[in-house]
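Asker: Once you've had a glance at the structure underneath, I'll fire off some questions.
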Amino acid sequence: MLTLIPMKALFISALLGAFLSPMTTEANTETLVLGGGCFWCTEASYQLLPGVKSVVSGYAGGTTENPTYKEVCSETTGHAEVIRIKFDPEKITLREVLDFFWEIHDPTTLNRQGADVGTSYRSIILYANEEQRVTAEASLKSAQAIFRDPIVTEIVPLKKFWPAEDYHQDYFAKNPSQGYCQAVIAPKIRKLERKLEQKAK
């Protein structure tokens, strides 16, 4: 059963881990790339989940090599704003990671999340192997029962993940007073925290 990890505790744990576990390996780590609108939002949301080791904002799904934020925002690269999630499958399953995806954005709005409009904000899951493809499709099918309108999320193979610029990483944690963070991300995070707390009971 999932339990809530407060944002402050998460970052303190990550810092301590960096010092106390320098020999940590990737043996118990799986990776998934997905996008559901602004990566500042999806990054902050997935950082709440226990079993998630790291979340990196970036770009994927397009054709431009080594894209910049400005290029992606120009809607000429084909890339979407995405996050790369590394998680411990012994603590959280791939299906749980995917099922959480439908809770943090609206997968029925084509190329749009709220006021963010464009293909770079599209709903997308980029699978790295057959297991991820099958699990993503099954998760989507189950999620459709929750939504009145059809889910328009793309499920496509991952070709390349490009990390975003440094200032985009951990954006909400570093810029809680920024206008977009206060107006859009903070209310979403509070709502998700309440949901996770209820699930943990």
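Taking the numbering used here, the leading residue of the sequence shown gets 302, the next gets one more, and so forth. Note that beta-carbon positions come from the ideal geometry of N, C-alpha and C, so glycine has one too.
#1: The alpha helix (DSSP H) spanning GLU431 covers which residue range?
#2: On the three-state DSSP scale, how would you describe VAL453?
#3: Work out the CA separation of LEU349 and ILE486 for me, nearest whole Å.
#4: Can you look up LEU395 in the DSSP assignment and give me helix, strand or coil?
#5: In terms of residues, what are the limits of the alpha helix (DSSP H) holding TYR428?
#6: Entirely within the region 317 to 382 and at least 4 residues each: give me those alpha helix (DSSP H) ranges in chain order.
#7: Just verifying my parser: in three-state terms, what is the DSSP assignment at ASP417?
#8: Distance, Cα to Cα, THR454 vs PHE401?
#9: Can you tell me which of the three DSSP states PRO488 falls into?
Answerer: Reading off the structure:
#1: One-based indexing of the sequence shown puts residue 431 at position 130. 431 to 444 is the span of the alpha helix (DSSP H), which, as asked, contains GLU431.
#2: Position 152 of the sequence shown, counted from the first residue, corresponds to residue 453. Residue state, collapsed to three classes: coil.
#3: As a first step, residue 486 must be located in the sequence shown, where it is residue number 185. As a first step, residue 349 must be located in the sequence shown, where it is residue number 48. Straight-line Cα distance between these residues: approximately 13 Å.
#4: Numbered from its first residue, the sequence shown carries residue 395 at position 94. Residue state, collapsed to three classes: helix.
#5: Along the sequence shown, read from residue 1 onward, the residue named residue 428 stands at position 127. Note, TYR428: premise wrong, no alpha helix (DSSP H); beta strand (DSSP E) at 424 to 428.
#6: Those alpha helix (DSSP H) runs which fall completely within the region 317 to 382 and span 4+ residues are 340 to 347 and 370 to 374.
#7: Residue numbering aside, residue 417 sits at position 116 when the sequence shown is read from its first letter. If DSSP states are grouped into helix, strand and coil, ASP417 belongs with the strands.
#8: Here residue 454 refers to the residue found at position 153 of the sequence shown. Here residue 401 refers to the residue found at position 100 of the sequence shown. Computed Cα separation, rounded: 14 Å.
#9: Reading the sequence shown from its first residue, position 187 is the one you call residue 488. Here DSSP, grouped into helix, strand and coil, assigns PRO488 to helix.
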